[in-house]
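Engineer: Take this structure first; my questions come after.
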Amino acid sequence: MSGGSSESSPLSGQNSFSSLSSFKDLELSSESGCLSIVVLGASGDLAKKKTFPALFHLFQQGFLQAGEVHIFGYARSNLSDDGLRERIRGYLKGASDEHLSQFLQLIKYVSGSYDSGEGFELLNNTISEYETSKNNESGSYRRLFYLALPPSVYPSVCKMIRSYCMNPSSHTGWTRVIVEKPFGKDLDSSEKLSAELGKLFEEDQLYRIDHYLGKELVQNLLVLRFANRLFLPLWNRDNIANVQIVFKEDFGTEGRGGYFDQYGIIRDIIQNHLLQVFCLVAMEKPVSLKPEHIRDEKVKVLQSVEPIKHEEVVIGQYDGYKDDPTVPDESNTPTYASVVLRVHNERWEGVPFILKAGKALNSRKAEIRVQFKDAPGDIFRCKKQGRNEFVIRLQPSEAMYMKLTVKNPGLEMATEQSELDLSYGMRYQDVKIPEAYERLILDTIRGDQQHFVRRDELRAAWEIFTPLLHDIDAGKLKSVSYEPGTRGPQEADEMSRRMGYVQTHGYIWVPPTLAKF
Numbered sequence: 001m002s003g004g005s006s007e008s009s010p011l012s013g014q015n016s017f018s019s020l021s022s023f024k025d026l027e028l029s030s031e032s033g034c035l036s037i038v039v040l041g042a043s044g045d046l047a048k049k050k051t052f053p054a055l056f057h058l059f060q061q062g063f064l065q066a067g068e069v070h071i072f073g074y075a076r077s078n079l080s081d082d083g084l085r086e087r088i089r090g091y092l093k094g095a096s097d098e099h100l101s102q103f104l105q106l107i108k109y110v111s112g113s114y115d116s117g118e119g120f121e122l123l124n125n126t127i128s129e130y131e132t133s134k135n136n137e138s139g140s141y142r143r144l145f146y147l148a149l150p151p152s153v154y155p156s157v158c159k160m161i162r163s164y165c166m167n168p169s170s171h172t173g174w175t176r177v178i179v180e181k182p183f184g185k186d187l188d189s190s191e192k193l194s195a196e197l198g199k200l201f202e203e204d205q206l207y208r209i210d211h212y213l214g215k216e217l218v219q220n221l222l223v224l225r226f227a228n229r230l231f232l233p234l235w236n237r238d239n240i241a242n243v244q245i246v247f248k249e250d251f252g253t254e255g256r257g258g259y260f261d262q263y264g265i266i267r268d269i270i271q272n273h274l275l276q277v278f279c280l281v282a283m284e285k286p287v288s289l290k291p292e293h294i295r296d297e298k299v300k301v302l303q304s305v306e307p308i309k310h311e312e313v314v315i316g317q318y319d320g321y322k323d324d325p326t327v328p329d330e331s332n333t334p335t336y337a338s339v340v341l342r343v344h345n346e347r348w349e350g351v352p353f354i355l356k357a358g359k360a361l362n363s364r365k366a367e368i369r370v371q372f373k374d375a376p377g378d379i380f381r382c383k384k385q386g387r388n389e390f391v392i393r394l395q396p397s398e399a400m401y402m403k404l405t406v407k408n409p410g411l412e413m414a415t416e417q418s419e420l421d422l423s424y425g426m427r428y429q430d431v432k433i434p435e436a437y438e439r440l441i442l443d444t445i446r447g448d449q450q451h452f453v454r455r456d457e458l459r460a461a462w463e464i465f466t467p468l469l470h471d472i473d474a475g476k477l478k479s480v481s482y483e484p485g486t487r488g489p490q491e492a493d494e495m496s497r498r499m500g501y502v503q504t505h506g507y508i509w510v511p512p513t514l515a516k517f
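Here is the structure:
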């Protein structure tokens with residue numbers, strides 16, 4: 001699958017974003033006029049490592065035009081315009097000094113608190129100066145606020161935006177707000193936050209970002225499932241034995257122990273990132289690609305999830321986690337969790353979805369692993385070699401591969417496990433795969449909420465996990481210890497076997513490289 005004729009060669013790097021733009025332009029109206037992008041929390045790590053680089057890459061690709069866009073940083077730090085530019089310069093890679101300088105000149109900085117009208121009034125005046133200075137023929141003023149901030153300040157910041165910084169009613173345009181996870185710690189806190197924000201903004205103004213929904217292979221899931229005849233009859237309980245959605249990191253909390261201990265791996269990864277991937281794997285075909293139709297189906301599948309059983313949960317904590325002085329000695333916070341979800345509907349009845357995430361493990365990866373049932377009538381006696389699996393590697397080394405049993409080349413009738421492999425690094429050598437934040441910021445500018453979390457979807461997600469989280473917080477489930485650099489708790493592997501997962505021994509997928517050819 002990684003080969004191909006010259007006629008089907010990938011697009012050049014210059015056009016690598018065409019699929020990102022041309023398809024969506026069919027349904028989303030083109031807008032023009034002043035675009036003001038405000039990064040709140042501009043001096044923080046998220047802004048300098050993710051938000052500003054994403055904006056820079058969109059500028060490089062021509063999605064942000066110097067004549068239309070201006071970027072404003074807002075934070076409490078006492079910085080000048082040049083001070084912020086120098087702070088983020090080192091994170092903006094892959095451009096000439098001239099191009100980098102052009103982008104940095106689009107950035108201005110405003111200092112102020114997050115709960116005082118004085119700072120936001122100054123911010124609004126600064127934005128207005130830019131808007132009125134432009135020869136804006138369309139008269140459209142568009143304002144995008146990116147909250148690269150902790151959720152505790154969302155309500156006060158949003159009140160300030162609503163009171164001082166909304167798009168002027170005398171002009172056409174819009175005001176949109178991007179908020180980062182975590183969206184609460186449980187159902188009650190999430191609903192409280194949603195209610196507070198809902199009093200200030202309409203649902204179509206709020207963009208709850210989950211960057212996993214911007215990943216290339218995650219965005220490919222709907223295409224794979226519903227554009228390929230091959231998968232339509234296979235994607236159900238008659239053929240699939242189990243599904244694993246896995247997130248692994250090979251490092252621990254690394255100085256963030258105190259912060260992490262407030263949330264744990266389920267709140268940090270499983271309840272949002274992995275659950276969003278689960279929705280796309282398990283949902284029914286939407287009526288169309290309109291954002292609301294897709295999100296309707298995601299809500300339906302979340303509402304079909306049965307209550308989580310304690311015997312289908314394993315939580316763990318790596319040895320050394322509590323050596324961090326900011327972590328309480330009695331902490332039960334899981335750094336690893338394996339949770340089984342069961343969907344009560346016609347398609348998935350009886351198929352376990354195993355969501356696993358952990359820190360300080362033996363590798364770094366995120367993948368979806370769909371394991372099919374055994375082929376009936378094993379005439380080749382190859383059942384012990386392993387089952388067919390369809391694996392979607394989300395990161396690193398993006399790939400899709402199908403594990404198959406094939407004849408071992410030679411004179412003997414012997415079988416072995418091999419794969420049909422679509423590795424993106426080989427197939428799309430000249431194509432730059434956009435970062436997730438680039439896609440999602442561009443979607444927000446275009447008003448496309450397909451890859452953002454709707455309020456009722458967020459509620460359904462918390463309804464699944466809140467009872468389990470409260471039981472863990474109350475000590476009803478205890479974290480088992482595991483050694484750093486291992487697969488995690490042995491109890492998790494044992495549970496996967498109980499769920500019917502059959503591990504393939506002796507087969508390791510190796511990403512192909514050009515060095516082989």
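Here the sequence shown is numbered in the UniProt record's numbering, starting from 1 and rising by one per residue. For each residue, glycine too, the CB sits at the ideal point set by N, CA and C. No experiment lies behind these values; they were computed from the predicted model shown.
1. Closest by CA to P396, which one among L92, L58, K248, N408?
2. Please look up how many angstroms separate the CB atoms of G41 and L187, rounded, as I've assumed it's under 8 Å.
3. Please list the segments of the alpha helix (DSSP H) lying wholly inside the segment 145-218, counting only runs of 4 or more residues, in order along the chain.
4. List the endpoints of the continuous beta strand (DSSP E) containing E367.
5. In the DSSP output, what is F390 paired with across the bridge?
6. Please give me, in chain order, every unbroken run of the alpha helix (DSSP H) with length at least 4 that falls completely inside the segment 394-476.
7. If you check the beta carbons only, do G316 and E494 fall under 9 Å apart?
8. Whole alpha helix (DSSP H) runs in the segment 244-283 with 4 or more residues, listed along the chain?
9. Does the beta-carbon distance from R454 to V343 come in below 9 Å?
10. Mind reading off the beta-carbon distance from I178 to Y212? Whole number of angstroms is fine, and I expect it under 8 Å.
11. Measuring alpha carbon to alpha carbon, tell me which of A399, I240, L222 ends up nearest M283.
12. Mapping DSSP to helix, strand and coil, what is G83?
13. For a minimum of 4 consecutive residues, which ranges assigned as the alpha helix (DSSP H) are wholly contained in the segment 37-63?
14. Pull up the DSSP beta-bridge partners for S140, would you.
15. Would you mind working out which of A337, T132, M160 sits nearest L118, comparing C-alpha positions?
16. Between residue 518 and L144, how many whole angstroms is the CB-CB distance? I'm expecting something under 8 Å.
17. Using 9 Å as the threshold, is the C-beta distance between A337 and V313 below it?
18. So residue 519 and I265 are supposed to be a Cβ contact under 8 Å. How far apart are they, rounded?
19. Look at the Cβ atom of N272, then the Cβ atom of G475, and state whether they are nearer than 9 Å.
20. Less than 7 Å between C-beta atoms, sequence neighbours within five positions excluded: which residues of the same chain meet that for F63?
21. Once the 5 residues before and after I308 are set aside, which same chain residues still bring their CB inside 8 Å of it?
22. Consult DSSP for T486 and reduce its assignment to one of helix, strand or coil.
23. Quick one: is residue 583 buried, meaning 16 or more other Cβ sit within 10 Å of its Cβ, or exposed?
24. Would you say F372 and N167 are within 9 Å of each other, going by their C-beta atoms?
25. For G117, report the span of its alpha helix (DSSP H) as first-last.
26. Anyone know if the C-beta pair for R225 and V281 falls short of 9 Å?
27. Thinking C-beta only, is E419 closer than 9 Å to K403?
28. Applying the 10 Å Cβ sphere with the 16-neighbour rule, what's the burial state of Q449?
29. Apply the 10 Å Cβ neighbour rule to D261 and answer buried if 16 or more other Cβ atoms are within range, or exposed otherwise.
30. Ignore the nearest five residues each way along the sequence and tell me which others in K356's own chain have a CB closer than 6 Å to its CB.
31. Pull up the distance between the alpha-carbon of S8 and that of R427, whole angstroms please.
32. Count the other CB atoms, across all protein chains shown, that sit within 10 Å of the CB of F103; report buried if there are 16 or more and exposed otherwise.
33. Note down, in chain order, each residue of its chain lying with its Cβ closer than 6 Å to the Cβ of N236, except the 5 sequence neighbours on either side.
34. DSSP three-state label for K300, please.
35. Identify the residues that DSSP records as bridge partners of I240: which are they?
36. If you measure between the beta carbons of G252 and N362, is that distance less than 9 Å?
Structural biologist: Concretely, from the data shown:
1. Looking from the CA of P396, the closest CA among L92, L58, K248, N408 belongs to K248.
2. No, G41 and L187 are not in contact; Cβ-Cβ is about 26 Å, not under 8 Å.
3. Counting only runs of 4 or more, we get 154-164, 187-200.
4. Residues 365-372.
5. According to DSSP, which records beta bridges pairwise, F390 is partnered with V370, M402.
6. Whole alpha helix (DSSP H) segments, 4+ residues: 424-427, 436-446, 455-473.
7. A distance of 9 Å or more separates the beta carbons of G316 and E494.
8. Runs found: 257-260, 275-282.
9. Against a cut-off of 9 Å, the Cβ pair of V343 and R454 comes out as no contact.
10. Actually they are not in contact, since the Cβ atoms of I178 and Y212 sit about 15 Å apart, beyond 8 Å.
11. When A399, I240, L222 are compared, the shortest CA-CA separation from M283 is found for L222.
12. Residue state, collapsed to three classes: helix.
13. Segments of the alpha helix (DSSP H) lying fully in the segment 37-63: 52-60.
14. Bridge pairing for S140: T172 [DSSP].
15. Position check: residue 118 holds Glu in this sequence, whereas Leu was assumed. It is M160.
16. Since the first residue of the chain shown is 1 and the last is 517, residue 518 is not available in this structure.
17. Contact: yes.
18. This structure cannot speak to residue 519, because the chain is shown only from 1 to 517.
19. Not in contact: N272 and G475 (Cβ atoms no closer than 9 Å).
20. Once the five neighbours on either side are set aside, the close Cβ partners of F63 are L442.
21. Taken in chain order, the residues that qualify are V339, V340, L341, I464, F465, P467, L468.
22. When DSSP states are grouped into helix, strand and coil, T486 belongs to the strand group.
23. The shown model of the chain, from 1 to 517, leaves out residue 583, and the question about it has no answer.
24. No, Cβ-Cβ distance for F372 and N167 is not below 9 Å.
25. Element bounds for G117: 117-133.
26. Cβ atoms of R225 and V281: closer than 9 Å.
27. Taking 9 Å as the Cβ cut-off, K403 and E419 qualify as a contacting pair.
28. Buried, since its Cβ has 16 or more Cβ neighbours within 10 Å.
29. Classification of D261: buried, given that the 10 Å Cβ count is 16 or more.
30. Closer than 6 Å at Cβ, skipping near neighbours: V246, S338.
31. The predicted model places S8 with a pLDDT of 36, which falls under 50 and marks its position as unreliable, so this point remains unresolved.
32. With 16 or more other Cβ atoms from the protein chains shown falling within 10 Å of its own Cβ, F103 counts as buried.
33. Within the same chain, Cβ atoms closer than 6 Å to the Cβ of N236 are found at R347, the five residues on either side in sequence being excluded.
34. Residue state, collapsed to three classes: helix.
35. Answer by DSSP bridge pairing, in chain order: F372.
36. No, the Cβ-Cβ distance between G252 and N362 is not below 9 Å.
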